[in-house]
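Under numbering that gives the first Met the number 0, the letters of the sequence shown match residues 0 to 80, in that order. Virtual Cβ for every residue (Gly too), placed ideally from N, Cα, C. The block underneath contains the structure these notes are about, expressed in structure tokens.
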Amino acid sequence: MIGRNNQTLTHLVDELTKDYPDVPLLSHTCDLSSQASQSLLLEGLGEMTQGHGNVIDTVILNAGINDFAYSRIKVMIRSNR
């Protein structure tokens, strides 16, 4: 999971981990409006996924367009399992 606000991102990952303890959730902060932040994210993706088969299973793109409710995120995770 990628988010601009580390506190919000950490809270969301913690909540999802409680509901889906068998699903490995990786997180990284990134400000998509910043090219430097994007570069750091891309550099870190390899390291982030290395212990998980170098695979990203689910991508939800919204970049702040919509603030998804927690219940909606759970539906997205279930549909991609």
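Option nearest residue i by Cα separation, candidates the options
i	options	result
residue 74	19, 40, 29	19
residue 27	50, 21, 12	12
residue 72	16, 41, 54, 37	16
residue 29	55, 57, 5	5
residue 21	51, 10, 34, 68	51
residue 25	56, 68, 70, 36	56
Residue i classed as buried or exposed, judged by whether at least 16 other C-beta atoms fall within 10 angstroms
i	result
residue 2	buried
Where the alpha helix (DSSP H) through residue i begins and ends
i	result
residue 52	Taken as a continuous stretch (DSSP letters only), residue 52 belongs to no alpha helix (DSSP H), as it is neither H nor E.
residue 69	69-78
residue 38	34-48
Per DSSP, the bridge partner or partners of residue i
i	result
residue 28	2
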